[in-house]
Every structure is written in structure tokens, then in C-alpha cells.
Amino acid sequence: MLNGNVKAMDRPTFSWDPTTLREVPADVDAAREYANALLARYRDLADQREQRAQIVAELIQWLRMSEQYTRAEEIARGSLRLRGGDDIITALEEGRPVPVIAPELIRPALRFATALQWNSADSAERFGQAADLFDACVTSAHIVCLRSGDAQRRDMYETYAFTLQHRAKFRLANDELIAALRDANLGLRVREVEELPRDQIESSQFAVSSIVQRLESLIADLELSAGASVTTETFAAGDRSGVGAVQAGQRIGPWLFWYKSGALKAAGWYVDDQLDGPWIWFRDHGLLLQEGSFIHNRQEGPWIRYYTNGRILDQGTFHDGEKVGDWFTFHEDGSVRSTRRHTRKGRWLRR
Numbered sequence: 001m002l003n004g005n006v007k008a009m010d011r012p013t014f015s016w017d018p019t020t021l022r023e024v025p026a027d028v029d030a031a032r033e034y035a036n037a038l039l040a041r042y043r044d045l046a047d048q049r050e051q052r053a054q055i056v057a058e059l060i061q062w063l064r065m066s067e068q069y070t071r072a073e074e075i076a077r078g079s080l081r082l083r084g085g086d087d088i089i090t091a092l093e094e095g096r097p098v099p100v101i102a103p104e105l106i107r108p109a110l111r112f113a114t115a116l117q118w119n120s121a122d123s124a125e126r127f128g129q130a131a132d133l134f135d136a137c138v139t140s141a142h143i144v145c146l147r148s149g150d151a152q153r154r155d156m157y158e159t160y161a162f163t164l165q166h167r168a169k170f171r172l173a174n175d176e177l178i179a180a181l182r183d184a185n186l187g188l189r190v191r192e193v194e195e196l197p198r199d200q201i202e203s204s205q206f207a208v209s210s211i212v213q214r215l216e217s218l219i220a221d222l223e224l225s226a227g228a229s230v231t232t233e234t235f236a237a238g239d240r241s242g243v244g245a246v247q248a249g250q251r252i253g254p255w256l257f258w259y260k261s262g263a264l265k266a267a268g269w270y271v272d273d274q275l276d277g278p279w280i281w282f283r284d285h286g287l288l289l290q291e292g293s294f295i296h297n298r299q300e301g302p303w304i305r306y307y308t309n310g311r312i313l314d315q316g317t318f319h320d321g322e323k324v325g326d327w328f329t330f331h332e333d334g335s336v337r338s339t340r341r342h343t344r345k346g347r348w349l350r351r
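By the count of the working numbering, the sequence shown reaches residue 351 at its end, each step adding exactly one.
Put into C-alpha cells, the structure is as follows:
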């Protein structure tokens, strides 16, 4: 509950930057004044944890928007620590893997990750910590969703969608456009399936549309910089099925593909008509089908395939188009079905 100076003030307005997906206040000075009033109120509530908890998310948001990045990071770190997130903070500071995050700590951890990102302009360490924490938040939220009962389902999927949306923004800021599109589109589908609030669905739609526009802009740039031509492939009815650049008869750069329904089907990069770089594939209902990377048309690095319910079918690593190392196959309920250790030349050992 807000009172005093904060209650008397009108909340400033802001919009979303379609390039960065960040909040942009209409008046930075008004945003700073509002953030400072929130901060004063937050400090006044030092002995009232529940009331502090009610305003901390808004406080961190407005500190970020008013360009008070260090303060936002300090408040986010302190809030996470106060809620019992010492292990998370210590793991980040020591460069260790972040442990699975408890359900009640996922959103505070997500706010801390976002604050680290916004305050990382001249700090590779902060940027790396933000990346690790975003990954931990997404993974932890997904695990909780798969384990939660019907009573908690809506709340946990809402949290999962938030983690995907925020990591999409982080990946977009790092020019990881395919990975950003992966998270944003999956987050959109989660919000639609779970019938989450309309404003959240619209936020995801805006994110997906903005990232697609960024990719289409890159495709258009290839026409100017590389002498390529933009090619739109269509279904028989005339709806587009794919778009990308073609140079000397070969696909280059980012390509996007859709189902007849208009749902995103796949996205990734071509180099000289060969798949090269990250690729993602979606089912026609929006959940992931598979994801991985290529080098010269050969699968390379981590690879994951999914069941229709969104759970992992199998995962492992490719090198030069061949499975290597440990590969795990799962049942549809998430339990492990088998583990195989692959060697080169297609040989494997059951474990």
C-alpha cells in the first residue's frame, strides 16, 4: 500500500521501445522524481517487510527507467538476500553454477538479473552474472511448472512466461536474435494456452513482432549491403511460408518460416545455402519442436527435441553432425528413459 508523497503523485507514463523492448519514460525527470519518492517510502518501511515487498518490484522498475542503475541493483540484491537468496548471490559472485531456485525466489531473482543487465554497460562480470541468472530463472520456473499441481499451475506458468520474456529482452540486447525469438514466442504460447491476463499476452505479441521486424530488417539490409534479393515464399493460397535473402541463387542470412495458420514454424541462419548458426523449430500450436545449431549444414553443439506437451524428448551434443558424449532420452512424464554415451562413427554404449 502506498501513501504519503508517492500516493499523492501521479505515476509517470512510459512506452516500450520496439528495438530493445525496454521501458522508456515519457519524462525522465518525472520518472526520477517518482522513483526517488518510492525509494524514500521503501526506506521508511525498513521494519515492515510485507509492505516493502508490495512496492519493491515497482521501485526497481522505476529506478531502472530513471537511469539509477546502481541503486536498482542494490535494492534488487538486498530484496533477494532478505528473502533467503544468499546462495544464489554467492554462487554468482564466486562464478559457480546457480542452484535450482525455489519457486518463491524466482521473481526476486529475475528482478536482480534484470537490474544486473541494465547496470552492465561497462562490466563484463555483471553481464555474465545476468546471463547465468536469467538461465537459472527460466530453468527453475520450467521445472516448477512440470512438477506443480493444478492449484499452482496458473501462478507458476505466469512466472515461467515472465522469465522467458525477460530473457528474450536480454538476448535481444546481446544481438542473439534467434534465441530471443525462441523465448518470446514460447512465452507468448504459454500465456495463450494458460489464458493469462490480456495485457501479458499483448506484451508477448509485441515482443515477438518486434524481434521478427528486427530480423526482417536484417534481411532487407542484405539487399543493400550484399547485393542479395529479398525472397518471399508462399503457400498455394498466397500466404507467406518463408522470407529471407537470396544471393546468386543461394540462401543467406536469417530466414523465417511460418505454418499456413500464420504461426511461426522455424527461424535460423544460412551461409551459402547451408544451415549455419542457431536454429529453432516450433510445432503448429507454438510449443518448441527442437532447437540447436549448425556449422556448414552439420549439427554442432547442444541439441534438444521436445514432446508435444513441451517436455524434453531427448537432449545431448552433436559434433560435425554426429552424436557425441552422453545423450538422455525421457518419457513424456519427464522421467529418464535411457542414457547412452556416443562415440565417433555412430557407436554408442548403453549406460
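The C-beta atom is built at its ideal place from N, Cα and C for all residues, glycine as well.
What does a CB cutoff of less than 8 Å around residue 263 pick up in its chain, not counting 5 residues either side in sequence? Here residue 263 corresponds to residue number 263 of the sequence shown, with the count starting at 1. Answer for residue 263: 282, 284, 285, 286, listed in chain order.
Given residue 187 as reference, the closest of 86, 175, 173, 202 once Cα atoms are compared: Here residue 187 is taken as the residue at index 187 of the sequence shown, counted from 1. When each option's Cα is compared against that of residue 187, the closest is 202.
Start and end residues, alpha helix (DSSP H) containing residue 257: Position 257 of the sequence shown, counted from the start, is the residue given in the question as residue 257. Under the DSSP assignment, residue 257 falls outside any alpha helix (DSSP H), being part of the beta strand (DSSP E) whose first and last residues are 250–258.
Backbone CA spacing between residue 291 and residue 280 [nearest angstrom]: Mapped onto the sequence shown, residue 291 falls at position 291. Mapped onto the sequence shown, residue 280 falls at position 280. Computed Cα separation, rounded: 5 Å.
Measure the alpha-carbon distance for residue 155 versus residue 274 and round it to whole angstroms. Walking along the sequence shown from the start, residue 155 turns up at place 155. Walking along the sequence shown from the start, residue 274 turns up at place 274. If you take the alpha carbons of residue 155 and residue 274, they lie about 42 Å apart.
Pick from 95, 134, 179 that is closest to residue 111, judged by C-alpha positions: Position 111 of the sequence shown, counted from the start, is the residue given in the question as residue 111. Ranking 95, 134, 179 by Cα distance to residue 111 puts 134 first.
Answer with buried or exposed for residue 235, where buried requires no fewer than 16 other C-beta atoms within 10 angstroms of its C-beta. Taking the sequence shown and counting its residues from 1, one reaches residue 235 at position 235. Classification of residue 235: exposed, given that the 10 Å Cβ count is below 16.
Is there contact here, the region 53–65 with the region 84–103, by at least three beta-carbon pairs under 8 Å? no
So, at 6 Å on beta carbons, what are the nonlocal neighbours of residue 4 in its own chain, with the 5 sequence-adjacent residues on each side left out? Residue 4 sits at position 4 when you count from the first residue of the sequence shown. Low confidence applies to residue 4: its pLDDT is 49, below 50, so where it sits in the model is not reliable, and the reading given next is rough at best. Excluding positions up to five away in sequence, the list is empty.
Could you give the distance in angstroms between the alpha-carbon of residue 209 and the alpha-carbon of residue 340? Taking the first residue of the sequence shown as position 1, residue 209 is located at position 209. Taking the first residue of the sequence shown as position 1, residue 340 is located at position 340. Going by the C-alpha atoms only, they are around 40 Å apart.
Nearest candidate by alpha-carbon position, reference residue 247, set 223, 241, 258: Counting from 1 along the sequence shown, the entry for residue 247 is found at position 247. Among 223, 241, 258, the Cα nearest to that of residue 247 belongs to 223.
Which term fits residue 1, buried or exposed, when burial requires 16 or more other beta carbons within 10 angstroms of its beta carbon? As a first step, residue 1 must be located in the sequence shown, where it is residue number 1. With a pLDDT of only 44 at residue 1, under 50, the local geometry of the prediction cannot be trusted, and the value read off the model is given with reservation. Burial call: exposed.
Under three-state DSSP, which class holds residue 266? Within the sequence shown, numbered from 1, the residue matching residue 266 stands at position 266. In the structure shown, residue 266 sits in a strand (DSSP, three-state: E or B).
Check residue 143 in the structure and name its three-state DSSP category. For the purposes of this step, residue 143 is identified with residue 143 of the sequence shown, where counting begins at 1. Residue 143 falls in the helix class under three-state DSSP.
Can you list, in chain order, the residues of its chain with a C-beta nearer than 6 Å to that of residue 13? Leave out the 5 residues immediately preceding and following it. Walking along the sequence shown from the start, residue 13 turns up at place 13. Once the five neighbours on either side are set aside, the close Cβ partners of residue 13 are 26.
Residue 337 to residue 141 span [Cα, whole Å]: Within the sequence shown, residue 337 is the residue found at index 337, counting from 1. Within the sequence shown, residue 141 is the residue found at index 141, counting from 1. Straight-line Cα distance between these residues: approximately 23 Å.
With the cut-off set at 8 Å, would you say residue 105 and residue 80 are in Cβ contact? In the sequence shown, the residue the question calls residue 105 occupies position 105. In the sequence shown, the residue the question calls residue 80 occupies position 80. Their beta carbons are under 8 Å apart, which means residue 105 touches residue 80 by this criterion.
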